[in-house]
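In this note's numbering, the protein residues as written are 1084 to 1190.
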């Protein structure tokens, strides 16, 4: 267990307003808060991806966000490698990926 916590952007109080006594409404509010929070966190992680060393970036964000953003960036980088240098670009990119993997293993 890693103990990761992603706090909601806005707190949810099941005893306030129309949610009081209505578990269906309260749970809908929780779902909305989860979606909004994870959208915001994922966007911020994506924007931060190139601004810091990858091994630090991995430690700065929730694990599922790291996995999602990493896949988006990987796809874009593979596409760029293919467009710019074809198979040679992929081989060069694979070297970069292997170095990143070694760094992660050492965490």
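Using N, Cα and C, we set each Cβ at its ideal position, and we do this for glycine too.
Span of the alpha helix (DSSP H), counted from its first residue to its last, around residue i
| i | result |
| --- | --- |
| residue 1149 | 1146-1188 |
| residue 1142 | 1137-1143 |
| residue 1128 | 1106-1131 |
Residue i versus residue j: straight-line alpha-carbon distance, rounded
| i | j | result |
| --- | --- | --- |
| residue 1164 | residue 1153 | 16 angstroms |
| residue 1113 | residue 1132 | 28 angstroms |
| residue 1168 | residue 1158 | 16 angstroms |
| residue 1072 | residue 1139 | The chain is shown only over 1084 to 1190; residue 1072 falls outside these bounds and no answer can be derived. |
| residue 1099 | residue 1092 | 17 angstroms |
Close Cβ partners of residue i (< 8 angstroms) along its chain, the five nearest in sequence each way excluded
| i | result |
| --- | --- |
| residue 1161 | 1173, 1176 |
message: I want to know whether the segment 1119-1136 touches the segment 1100-1107 - three or more CB-CB distances under 8 angstroms.
response: no
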